[in-house]
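Chains A and B, in that order, give the protein sequences. Read left to right, the first sequence gives residues 1 to 262 (the working numbering). Read left to right, the second sequence gives residues 1 to 203 (the working numbering). Glycine residues also receive a C-beta, built at the ideal position from the N, C-alpha and C atoms. Below is one structure, written out as structure tokens; the observations come after it.
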Amino acid sequence: MAAWELLKDQNFRLDGRKPTELRRIETRLGVFPNADGSAYLEQGNTKVLATVYGPHEVKGGRGRSNPDKAVINCQFSKSAFSSSERKTHMKFGRNSSETNQHLVQALNAAVMSHLYARCQIDVYVEIVQSDGSDFCACLNASTLALIDAGIALKDIVTCCSATIVDEKSVVDVNYVEESSGSAVLIVGLLPKDEQIAYMQMKGRLHADHLEKLLDCAVEGCRNINNILKERIGEHLKTHSSHFTLTRPATPGRAERSRPAIA
Amino acid sequence: MDKDSIFIPGDIICPADNNYISGNGTVTRKNTIYASIAGKCNFQKIEDGKTVVEIRLKNSHNQNIVPTIDCLVAARITNVNPRFCKCAIISVDDVLLPESFRGLIRKEDARATEKDKVELYKSFRPGDIILARVLSLGDAQAYLLTTAENELGVVSATSESGETMIPISWCEMQCPKTLAKENRKVARVHKDYIINSLVTEAE
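Shown next as structure tokens:
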């Protein structure tokens, strides 16, 4: 079978996008009333649900508690009906524990975890429908859920993927592009400081292409960041009636003098 | 500064100079105050002409506050033994916690004077509501609390007959029904030490 023609004439991709065009992003915040924070995110046909519980006391083993900062616990899962073939994905398998660790790493860069010493923050992510860039959607949804939970963040960490098709870098890859065999670069970015919180490369790539690909992914992250910011703003505006401003202001907890622990 | 504008984590609020102090929900980095949570910003003048910049969450029940050293907490005693008593921290600095944290008061932290003569069961009983201060983050299991101040100690306790008792001295409370006296390390109520969220909850 001939390979898919991923980039057609006039540089249109299979799903009709231009190389630097993102898929449509839909978000909803606060989808579960029982969780401390939750978010639903669609990136094209990739649909993800994320919930956040915490900060609460560390559960499951006393040894896990950290006296200086919060412990972030991520659990990634993929529903059986998420891909074209029905398949139960192992919840504690090697793949998902790897993804868990990656999510923790990326979120640790953004969460101001020193504010929640000796606490635990649980993040549960579920892929409802999978169409490429699953990790990116998961990380973006987790960030939204953390914001909904009101957990202090340094910056919004956004994630975007990029790959090379016919010597051209394309952003926000979908399933067909992802499975074409060329290298996929995933970047999680803290846009304010231009810091890379997470980077992953799947597949082999010529070093000459790396810079171009990285730029492409970083630009995608910035664009996603702008979209997410807009959506959060809209969400807060429609829910602004809940704001209560009755408590007197107190200087921040970080500003207080902390006696050294003997 | 537009009062109603909404801030998102990472947004710049204002420069951190002598006039602005970063409050809850904000962070100071590189002489700039940034937002660390999403919400509306609140500027409040305090005594010396400075302004506290603060971002608040949608509702006060979800402040995501955890006990830190030196903060005032309210707790319910759950367990008393001769060396220490355990309690569940239910509120921190005016904010009611969605779920409790474990706290621990050692015998020598129960009161300020005659520390070696403290008998814990004469100071606290399970079910008492106390005001305490966080001494240290303690070990992995519990926060270490102290009630060694006149204003700290038991604020609400029920007698053996189930009535809410009335404090009669710093170390005794009396049941209004049976007039029986019970020993407690009673807190002297002071306006700076009242936790508003608990008061409104009780009402």
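Inset, instruction - Would you list the one or two residues that DSSP bridges to proline 167(B)? - result: Met173(B)
Legend entry - Length of the line joining the Cα atoms of glutamine 174(B) and isoleucine 12(B): 55 angstroms
Legend entry - Boundaries of the beta strand (DSSP E) in which asparagine 226(A) is found, first to last residue: That residue, asparagine 226(A), is in no beta strand (DSSP E); its alpha helix (DSSP H) goes 207–238.
Legend entry - Under 8 angstroms from the C-beta of valine 134(B): neighbouring residues of chain A: Neighbours of valine 134(B) on chain A: none; closest Cβ ~11 angstroms, over 8 angstroms.
Inset, instruction - Out of Thr51(B), Cys171(B), Pro98(B) and Phe7(B), state which residue places its alpha-carbon closest to the alpha-carbon of alanine 148(B). - result: Cys171(B)
Legend entry - Residue-chain proximity (leucine 131(B), chain A), Cβ-Cβ < 8 angstroms: no
Inset, instruction - Measuring alpha carbon to alpha carbon, tell me which of Leu236(A), Ser38(A), Ile227(A) and Arg222(A) ends up nearest glycine 188(A). - result: Arg222(A)
Inset, instruction - Give a yes or no on whether 8 angstroms exceeds the smallest Cβ distance from proline 33(A) to chain B. - result: no
Legend entry - Cβ-Cβ distance between leucine 72(B) and arginine 133(B) below 8 angstroms: yes
Inset, instruction - Report the neighbours of arginine 76(B) on chain A: residues whose CB is nearer than 7 angstroms to its CB, in chain order. - result: Those do not exist, as arginine 76(B) stays about 15 angstroms from chain A at its closest Cβ, beyond 7 angstroms.
Inset, instruction - Spell out whether any CB of chain E is found under 8 angstroms from the CB atom of serine 36(B). - result: Structure shown: chain E not included; protein chains present are A and B.
Inset, instruction - Please classify alanine 110(A): does DSSP put it in a helix, a strand, or coil? - result: helix
Legend entry - Members of the region 95–124 of chain A near chain B, C-beta cut-off 9 angstroms: Ala110, Met112, Leu115, Tyr116, Ala117, Arg118 and Cys119
Inset, instruction - Spell out whether any CB of chain B is found under 8 angstroms from the CB atom of glutamate 57(A). - result: yes
Inset, instruction - Spell out whether any CB of chain B is found under 8 angstroms from the CB atom of glutamate 227(A). - result: The sequence shown places isoleucine at residue 227(A), rather than the glutamate named in the question. Answer no: the Cβ-Cβ gap between isoleucine 227(A) and chain B never drops below 8 angstroms.
Legend entry - Cβ contact check for the region 157–175 of chain A and the region 23–32 of chain B: 3 or more pairs under 8 angstroms: no
Inset, instruction - Using a Cβ-Cβ cut-off of 8 angstroms, state whether glycine 233(A) counts as contacting chain B. - result: yes
Inset, instruction - Starting from isoleucine 156(A), find everything on chain B with Cβ-Cβ shorter than 8 angstroms and list it in chain order. - result: Ile8, Pro9 and Gly10
Inset, instruction - Can you give me the Cβ contacts of leucine 228(A) inside the same chain, cut-off strictly under 8 angstroms, excluding the 5 residues immediately before and after it? - result: Ile25, Thr27, Asn140, Thr143, Leu144, Ile156 and Thr158
Inset, instruction - Could you pull out every residue in the same chain whose Cβ sits closer than 6 angstroms to the Cβ of proline 251(A), ignoring the five residues on either side in sequence? - result: Confidence at proline 251(A) is low in this model, with a pLDDT of 47, below 50, so its placement is unreliable and the value that follows should be read with caution. Once the five neighbours on either side are set aside, proline 251(A) has no close Cβ partner at all.
Inset, instruction - Could you spell out where the alpha helix (DSSP H) holding cysteine 138(A) opens and where it closes? - result: 134–149
Inset, instruction - Give the interface partners of phenylalanine 101(B) over in chain A, defined as CB-CB distance under 7 angstroms, in chain order. - result: Glu57
Legend entry - Between the CA atoms of proline 15(B) and alanine 38(B) - distance to the nearest angstrom: 18 angstroms
Legend entry - N-terminal and C-terminal residue of the beta strand (DSSP E) that glutamate 99(B) is part of: 95–106
Inset, instruction - Could you name the residues of the same chain whose beta carbon sits closer than 6 angstroms to that of lysine 91(A), not counting the 5 residues immediately before and after it, in chain order? - result: Ser77
Legend entry - Beta-carbon proximity list for isoleucine 69(B), same chain, < 8 angstroms, skipping 5 on both sides: Val134, Leu135, Ser136 and Leu137
Inset, instruction - Taking 8 angstroms as the cut-off, decide whether the C-beta atoms of valine 184(A) and glycine 203(A) are in contact. - result: yes
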